[in-house]
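Those sequence lines, one after another, are chains A and B.
Oh and the first sequence: position 220 is 220 in this note's numbering, straight run, nothing missing.
Oh and the second sequence: position 36 is 336 in this note's numbering, straight run, nothing missing.
Even for Gly, the Cβ is constructed at its ideal location relative to N, Cα and C.
Structure first, then comments.
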Amino acid sequence: MQQLVSVTLSALLAAGLYATMAYGLAVIYGVMRIINLAHAGFMMLGAYVTFTLFSRFSLDPFIGLVVVGPLFFFFGVVLYRAVGKSMARSGATPSIESLLLLFGVWLVLQNLAYVIWTGDTQSILTSYTMKSIEIFGVHVGVPSVFVFLASAASLIFLNVLLKRTYLGKAIRAVTQNRDAALLSGVDADRISATAFGLGTAFAGIAGGMLSTLMAFTPDFGRSFLLKAFCIIVLGGMESVTGVALGALVLAVLENVLGAYTPVPTSLQDAVSFALLFVALVAFPQGLPALFARFERKAIR
Amino acid sequence: MLEVTGIDAFYGKVQALWDVTFRVAKGEIVTIIGANGAGKSTTLKTISGLLKPRKGQIVFEGADVTGLAPNRLVELGIVLIPEARQLWPAMSVLENLEMGAYARTARPARAQTLQSVFAMFPLLKQRVRQRAGTLSGGEQQMCAIGRGLMARPRLLLLDEPALGLAPLLVREVFESLKSIREQGVTIVLVEQNVRHALALADRAFVLETGRVTLSGQASDLAHDPRIRDGYLGLAAV
Ligand SMILES: Nc1ncnc2c1ncn2[C@@H]1O[C@H](COP(=O)(O)OP(=O)(O)OP(=O)(O)O)[C@@H](O)[C@H]1O
Ligand SMILES: [Mg+2]
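Take a look at the structure:
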């Protein structure tokens, strides 16, 4: 019983982080139909910027996120303006050019990080890093709780943005039917720049949060990119709810396998990869499509 | 109001329009007649900016608008209601309509325009909370027309607005086009039901494999044997 509570809790806490991380990929794919291979690089950079803010300016990493978010949004917009034309959406599938370009951006970011921060392993040690609190009789690390709260806050912010503002509705409109959005007067280029900025900001925030949970090097982020792929394949790219659902499925699976089976933690990445594979084969349209199918069956 | 001169349009390497030329005067209804694949939708896509012409010129109210992005053209008042509805399926009917007024020229009057759209299609008002993807085909068509009107068009381009509607609704849509025109909106209409379209329109022209082959007053064309045999024969059944 105790273990069940513990597994549920850690799955839930991880899911928040995963959703933040995956949404960054989803919004860029949704609007521009490109797969942002530089996502892992942005996460790594987010971790280092948070680290620098903490070590140089003694800014608490979670307060640092308030700086990292806007900073990375700006960075993403500038990057889009610089190289966006070659990423311009040409059809329903991502172009090879865009993939290569973004992969290149990732490599550049990695090398930049080696130059600025060296290849040494870094970590953030705050006064509460080692502390834990008790929830339902289970000890949970304080940073994990903060990460969950910060994730929840960013996802709520995002949901309000998408549901309540003209800008957010334009993002959804371009995602759901680009031509119709153009014909209603939406400036596709501006929305693409915004989406790229948002995606970058979410990657940076996710990286910043991860830096409070684990050590990192310039190579950091690869396994999380894989997890993010897995989540958006599961949850679809259309909605925040879908992404959150995909994140929860992955987090539950990882934690359940870790707790109840002898699968070693070192094989955790294999879990997301296996899940990605199964998901692609079994229901290529993602969980929402699967649910829709069930719903239709139930009505009949 | 609209002068299209010598337009060539391509999809990749495949040419779809050859030297298409026509004009639309203010307040007119002009209809484009043509078989499947003749290039009617392509013509409307080109005017609305979704497709950039390789050659030729488009002048709207005296200004050269060739190659402008769709959002700029919407702000100028050129609005296309595209073929096959193209709604945002996961948004509610209300959101679809509201986003129709996204252009900065349409936003200030949004609430007012919404009321007139509801007056035209009362059924939409009962469906505002429903996701557009779950509407019936006919309801989706109404929603698409409503969304186009939300942009406050001065030149309205309609691509088969009556497709999939019950006969009674087809009549309603055509009636509403009349009232839209009475509000001073100029209309270019593509419609499978050539008889209906010619009855409504002032002028018409015929597209055959991407070229204009015939044009004139709608009433004259309705009696032209080439139209009667080629396009009215089946529609009369
Ligand atoms: N997206 C596209 N890519 C490539 N070719 C296209 C595309 N859209 C249309 N075409 C081609 O361009 C030509 C004109 O098509 P268009 O859609 O304008 O015809 P249409 O007159 O609207 O026909 P319909 O009455 O069937 O709607 C056709 O030969 C068609 O195959
Ligand atoms: Mg067509």
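Chain A partners of residue i, CB-CB under 8 Å?
{"i": "B/Gly400", "result": "Ser184"}
{"i": "B/Arg431", "result": "In chain order: nothing, as chain A lies at least about 11 Å away."}
Going along chain B, which residues have a C-beta under 8 Å from residue i?
{"i": "A/Asn177", "result": "Gln386, Leu387, Trp388, Pro389"}
For a test of the three-state rule: what should DSSP assign to residue i, helix, strand or coil?
{"i": "B/Glu491", "result": "coil"}
{"i": "B/Leu514", "result": "strand"}
{"i": "B/Ile381", "result": "strand"}
{"i": "A/Ala19", "result": "helix"}
{"i": "A/Ser6", "result": "helix"}
{"i": "B/Ala316", "result": "strand"}
{"i": "B/Val485", "result": "coil"}
{"i": "A/Val186", "result": "coil"}
{"i": "A/Ser95", "result": "coil"}
{"i": "B/Glu460", "result": "coil"}
{"i": "A/Arg300", "result": "With a pLDDT of 41 at A/Arg300, under the threshold of 50, the predicted position of this residue should be treated as unreliable, though the coordinate-derived value follows. Of the three classes helix, strand and coil, the one that applies to A/Arg300 here is coil, per DSSP."}
{"i": "A/Val138", "result": "strand"}
{"i": "B/Arg404", "result": "coil"}
{"i": "B/Asp364", "result": "strand"}
{"i": "A/Ile205", "result": "helix"}
{"i": "B/Phe310", "result": "strand"}
{"i": "B/Arg354", "result": "coil"}
{"i": "A/Ile191", "result": "helix"}
{"i": "A/Arg81", "result": "helix"}
{"i": "A/Ile124", "result": "coil"}
{"i": "A/Gly236", "result": "coil"}
Counting only beta-carbon atoms, is residue i nearer than 7 Å to chain B?
{"i": "A/Ala180", "result": "yes"}
{"i": "A/Ala173", "result": "yes"}
{"i": "A/Tyr48", "result": "no"}
{"i": "A/Lys169", "result": "yes"}
{"i": "A/Asp187", "result": "yes"}
At a Cβ threshold of 7 Å, is residue i touching chain A?
{"i": "B/Pro353", "result": "no"}
{"i": "B/Val485", "result": "no"}
{"i": "B/Leu380", "result": "yes"}
{"i": "B/Ala536", "result": "Residue placement at B/Ala536 is poorly supported in this model, since its pLDDT is 43, which falls under 50; the coordinates are not used for a value here."}
{"i": "B/Pro453", "result": "no"}
{"i": "B/Val428", "result": "no"}
{"i": "B/Pro370", "result": "yes"}
{"i": "B/Val417", "result": "no"}
{"i": "B/Val488", "result": "no"}
{"i": "B/Val374", "result": "yes"}
List, in chain order, every chain A residue whose beta-carbon is nearer than 7 Å to that of residue i.
{"i": "B/Ser476", "result": "Within 7 Å Cβ-Cβ: nothing; B/Ser476 doesn't reach chain A, min ~19 Å."}
{"i": "B/Glu395", "result": "Lys169"}
{"i": "B/Arg503", "result": "Going along chain A, no residue has its Cβ under 7 Å from B/Arg503, so there is no contact; the nearest lies around 25 Å."}
For residue i, I'd like the list of residues in its chain whose CB is within less than 6 Å of its CB, leaving aside the five on either flank, ordered along the chain.
{"i": "A/Ile232", "result": "Ala22, Leu25, Ala26"}
{"i": "B/Thr251", "result": "Since the first residue of chain B shown is 301 and the last is 537, residue 251 of chain B is not available in this structure."}
Taking Cβ-Cβ distances shorter than 7 Å, what residues in chain B pair up with residue i?
{"i": "A/Tyr166", "result": "Tyr402"}
Can you find the residues in the same chain that come closer than 7 Å, C-beta to C-beta, to residue i, ignoring five residues on each side of it along the sequence?
{"i": "B/Ala451", "result": "Val374, Val379, Gly400, Ala401, Ala403, Ala406"}
{"i": "A/Met215", "result": "Here residue 215 of chain A is Ala; the residue named in the question, Met, does not match the sequence. Closer than 7 Å at Cβ, skipping near neighbours: Thr121, Gln122, Ser123."}
{"i": "A/Gly119", "result": "Thr217, Pro218"}
{"i": "B/Ala350", "result": "Sequence check: residue 350 of chain B is Leu here, not Ala. Closer than 7 Å at Cβ, skipping near neighbours: Pro370."}
{"i": "A/Arg222", "result": "Ala40"}
Using C-beta distances below 8 Å, list every residue in its chain close to residue i, excluding the 5 sequence neighbours before and after it, in chain order.
{"i": "B/Ala419", "result": "none"}
{"i": "B/Leu424", "result": "Val393, Leu397, Val417, Phe418, Glu439, Met442, Cys443, Gly446"}
{"i": "B/Gly550", "result": "Because chain B is modelled from 301 through 537, residue 550 of chain B falls outside the range shown and cannot be assessed."}
{"i": "A/Leu226", "result": "Asp269, Ser272, Phe273, Leu276"}
{"i": "A/Phe224", "result": "Met21, Ala40, Met43, Ala206, Leu210"}
{"i": "A/Leu155", "result": "Gly16, Ala19, Thr20, Tyr23, Val240, Ala244"}
Which residues in chain A sit within 9 Å of residue i, going by Cβ to Cβ distance?
{"i": "B/Leu456", "result": "None at all; the shortest Cβ gap to chain A is about 12 Å."}
{"i": "B/Leu350", "result": "Asp179, Leu182, Leu183"}
{"i": "B/Arg410", "result": "In chain order: nothing, as chain A lies at least about 10 Å away."}
{"i": "B/Arg495", "result": "Correct list: empty, because the minimum Cβ distance to chain A is about 28 Å."}
| Within the structure, which residues are defined as neighbours of ligand 4 by a Cβ-heavy atom distance below 7 Å, reported in chain order? | Absent from the structure shown: ligand 4. Ligands present: ligand 1 and ligand 2.
| Taking one C-beta from the region 369-387 of chain B and one from the region 347-361 of chain B each time, how about it: are there three or more such pairs within less than 8 Å? | yes
| message | If contact is defined by three or more beta carbon pairs under 8 Å, each pair taking one atom from either stretch, is the region 144-162 of chain A in contact with the region 35-43 of chain A? | response | no
| Would you call the region 390-400 of chain B and the region 424-432 of chain B touching, i.e. three or more CB-CB distances under 8 Å? | yes
| task | May I ask you to verify whether the region 168-183 of chain A touches the region 53-72 of chain A, counting CB pairs closer than 8 Å and requiring at least 3? | result | With a cut-off of 8 Å, the region 53-72 of chain A and the region 168-183 of chain A do not count as touching, because too few Cβ pairs lie within range.
| With contact counted as at least three CB pairs below 8 Å, one residue from each stretch, are the region 215-224 of chain A and the region 407-416 of chain B in contact? | no
| request: Say whether the region 326-340 of chain B touches the region 502-514 of chain B, bearing in mind that this needs 3 or more beta-carbon pairs closer than 8 Å, one atom from each stretch. | output: yes
| Should the region 68-78 of chain A be regarded as contacting the region 200-212 of chain A, the criterion being three or more beta carbon pairs within less than 8 Å? | As far as the Cβ criterion goes, the region 68-78 of chain A touches the region 200-212 of chain A, which means the pair count is three or higher.
| Stretch pair the region 493-500 of chain B + the region 518-533 of chain B: three plus CB contacts closer than 8 Å | yes
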